[in-house]
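Residue numbers (our numbering): 91 to 471.
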């Protein structure tokens, strides 16, 4: 059963009010996987989830579950359960009755209901909460009840639509770990929707990066972070400096008029490319020892590191470093072959990766108080 395909979406197209939300969309999900659909608002990830759940019927294309066509099968007949952003618990029922609800609808025996509710509440660390009203629970506890209720029906697939978005940061991180543990202990397929990159990277076996109703990249968290396929993926997952380059030959790229060794191949001679350099991969050195030299324009302390914006020939880079560099100082940087990632040019080329928005001039323009003072004839201090 493990690694066997459980869900397949084939050439799906969906439009709402004449606007395409999914366009020729195909995706295969394996049994027992934790798969995350990751992308900005409006990219089609929730629609994808709702198609699998049976809440949306596609205009074109087919949905298969375990090899069987289920495109027109109603939601209640599918072996999947969904947890939405708002947990949709029954406020008039206590924790026990919320978790038992689906099994009672299915006419399960009283002893089976009792045994399953007990197991599920233990699984989500809510043992002893059976008699509590759901209105007395914290957001994190309500979340756990929703998970227990969904899992009590023994679905083959659990669909989760941004279920942690209402929780505070610390609780969200705790629940990420809990969800991953639950998924691994039960071995069932989780399909998770989020726009939070860190959530996707920390929980998933497979990440599906989406934009504009299309898949931009599918891979392990390490793949999509370390080897993004285009500028959108590089920018959306983590911070990236994305530069124009020219691939002279295999393993040799030109940036800012200088040639650098890299680990990429398979491009045409002199092919224009996008070059990704992650902020944490850049080594700062004395100017005379650097491959490139630039001027520090801004430094922000982030706790673990300093976020340092450096101007190289008019293009602003972000560097994440534990070394403090004085704004205005000139620094050198060294780029190692493994820190340079080459991508094909795409529709997203030129849209991302320059941190000019951090410049002092932009700050002044973006300061509404200063604008008000000038409009009122006063002077900014």
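Where is the CB? At the ideal position from N, CA and C, for every residue including glycine.
(request) Take residue 242 as the anchor and find which of 163, 310, 194 has the nearest alpha-carbon. (result) Your numbering for residue 242 matches position 152 in the chain shown. When each option's Cα is compared against that of residue 242, the closest is 194.
(message) Determine whether the beta carbon atoms of residue 97 and residue 155 lie at a separation below 9 Å.
(response) Translated into the one-based positions of the chain shown, residue 97 becomes position 7. Translated into the one-based positions of the chain shown, residue 155 becomes position 65. The answer is yes: Cβ separation under 9 Å.
(message) With distance defined between alpha-carbon atoms, name the residue in 272, 345, 275, 327 nearest to residue 297.
(response) On the chain shown, residue 297 is found 207 positions in, with the first residue counted as 1. Cα-wise, what sits closest to residue 297 is 327.
(request) Could you give the DSSP three-state label for residue 364: helix, strand or coil? (result) On the chain shown, residue 364 is found 274 positions in, with the first residue counted as 1. Strand, per DSSP.
(request) For the alpha helix (DSSP H) containing residue 285, list its first residue and its last residue. (result) Along the chain shown, one-based indexing puts residue 285 at 195. Looking at the DSSP string, residue 285 is not in any alpha helix (DSSP H), and its letter there is neither H nor E.
(request) Report buried or exposed for residue 455, applying the criterion of at least 16 other Cβ atoms within 10 angstroms of its Cβ. (result) On the chain shown, position 365 is the one that residue 455 refers to. Confidence in residue 455 is poor, its pLDDT being 38 and thus under 50, which makes the residue's placement too unreliable to answer from.
(request) With a cut-off of 8 Å on the beta carbons, I'd call residue 341 and residue 360 a contact; round off their distance for me. (result) For the purposes of this step, residue 341 is taken as residue 251 along the chain shown, with counting starting at 1. For the purposes of this step, residue 360 is taken as residue 270 along the chain shown, with counting starting at 1. Not confirmed; about 15 Å, so no contact.
(request) Note down the Cα distance separating residue 399 from residue 318, rounded to an integer number of angstroms. (result) Counting from one through the chain shown, the residue named residue 399 turns up at place 309. Counting from one through the chain shown, the residue named residue 318 turns up at place 228. Rounded to whole angstroms, residue 399 to residue 318 spans 22 Å at the Cα level.
(request) Let me know the secondary structure DSSP gives residue 472 once reduced to three states. (result) Coverage of the chain is limited to positions 91 through 471, which leaves residue 472 absent and any answer about it impossible.
(request) Report the option in 126, 223, 311, 333 whose CA atom is closest to the CA atom of residue 366. (result) In the chain shown, the residue the question calls residue 366 occupies position 276. The shortest C-alpha separation from residue 366 is found at 333.
(message) Quick check: the stretch 404 to 419 against the stretch 299 to 315, are at least 3 beta-carbon pairs closer than 8 Å?
(response) no
(request) Give me the Cα-Cα distance between residue 250 and residue 280, rounded to the nearest whole angstrom. (result) As a working note, residue 250 is residue 160 in the chain shown. As a working note, residue 280 is residue 190 in the chain shown. If you take the alpha carbons of residue 250 and residue 280, they lie about 7 Å apart.
(request) Measure the CB-CB distance between residue 420 and residue 385 and report whether it falls below 9 Å. (result) Numbered from 1 along the chain shown, position 330 holds the residue referred to as residue 420. Numbered from 1 along the chain shown, position 295 holds the residue referred to as residue 385. Closer than 9 Å, so yes.
(message) Helix, strand or coil, according to DSSP, for residue 121 in the structure here?
(response) As a working mapping, residue 121 is identified with position 31 in the chain shown. In the structure shown, residue 121 sits in coil (DSSP, three-state: anything other than H, G, I, E or B).
(message) For residue 110 and residue 219, what's the separation of their Cα atoms in angstroms?
(response) Taking the first residue of the chain shown as position 1, residue 110 is located at position 20. Taking the first residue of the chain shown as position 1, residue 219 is located at position 129. Cα to Cα, the separation comes out at about 45 Å.
(message) Let me confirm a value: residue 331 is counted as buried when at least 16 other C-beta atoms fall within 10 Å, else exposed. Which label applies?
(response) Counting from 1 along the chain shown, the entry for residue 331 is found at position 241. Burial call: buried.
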